[in-house]
Amino acid sequence: LFAASIRDNISYGQKDVSGDLKERMIAAAKMAGADAFIRRLPQGYDTILHQGGMELSQGERQLLTIARAMLNDAPILILDEATSSVDTRTEVKIQEAMNELMKGRTCFVIAHRLSTIRACDRIIYLEKGKIVEDGNTAVATSYNVTGGTIGVSTTEELEQDSLADREFSLWKDIRPIFR
């Protein structure tokens, strides 16, 4: 998060071409589950954050970045450890927001917690940077998830070629996370 208002943080990179940016930004915050806590702040959406948003909890910061992603409406998302530093109750709120965010788009969800990737259509389980299993939630639950896991959620089928025999540059880029 940037040293700017919550409004500016959520709408970062957006152009108000049609004059409805404020409404779309608030709708994105509501879908992300952030609107209620934002409205409780003294200046609401005009509250100025310090660099990194350190005056907010980790969960609140995550919800703001999910709201930004919802407003951005990108066709492909990469979510990296979105629930790693939060308590169980906050994880549930973030997971609900992520499930909403993932609808209708391709998402790569990188996580160590199985609960974070449970809703994904396809789960790729990695150990030491190598693909160990490629399947669905039933396959992933058969492993003691201590390595890294990538969940892929998509509205279209991905190629089912021999993933286990290949190592993508994406995995090479991600590998340090799983050590």
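The sequence shown begins at 701 in the working numbering and counts up by one.
For glycine and all other residues, C-beta sits at the position ideal for the given N, C-alpha and C.
C-beta atoms of residue i and residue j nearer than 8 Å
{"i": "Ala734", "j": "Leu763", "result": "yes"}
{"i": "Leu721", "j": "Asn709", "result": "no"}
{"i": "Ile766", "j": "Leu801", "result": "yes"}
{"i": "Gln743", "j": "Ser785", "result": "no"}
{"i": "Leu749", "j": "Ile706", "result": "yes"}
{"i": "Ala769", "j": "Leu756", "result": "no"}
Element boundaries [beta strand (DSSP E), containing residue i]
{"i": "Gly829", "result": "No beta strand (DSSP E) contains Gly829, which DSSP labels as neither H nor E."}
Proximity to residue i [Cα-Cα], best of the options
{"i": "Gln795", "options": "Asp773, Gly804, Cys820", "result": "Cys820"}
{"i": "Thr790", "options": "Asp716, Ala728, Arg818, Phe737", "result": "Phe737"}
{"i": "Arg813", "options": "Glu833, Ala782, Lys715", "result": "Ala782"}
{"i": "Asp746", "options": "Asp716, Ala729, Glu723, Ala704", "result": "Ala704"}
{"i": "Met798", "options": "Met731, Gly713, Ala727, Asp716", "result": "Met731"}
Residues near residue i by beta carbon distance below 7 Å, same chain, minus five either side
{"i": "Ser711", "result": "Leu721, Met725, Leu771"}
{"i": "Arg761", "result": "Leu701, Gly753"}
{"i": "Gln751", "result": "Phe702, Ala703"}
Same chain, Cβ closer than 8 Å to residue i, neighbours up to 5 away in sequence not counted
{"i": "Pro775", "result": "Arg805, Thr806"}
Next on the checklist: At 4 residues or longer, what runs of the alpha helix (DSSP H) sit wholly inside the region 705-764?
Outcome noted: 706-710, 721-732, 735-740
Checklist entry - Which parts of the region 767-820 are runs of the alpha helix (DSSP H), unbroken and 4 residues or longer, counting only runs that do not cross its ends? => result Scanning the region 767-820 from its first residue to its last, the whole alpha helix (DSSP H) runs of 4-plus residues come out as 788-802, 814-817.
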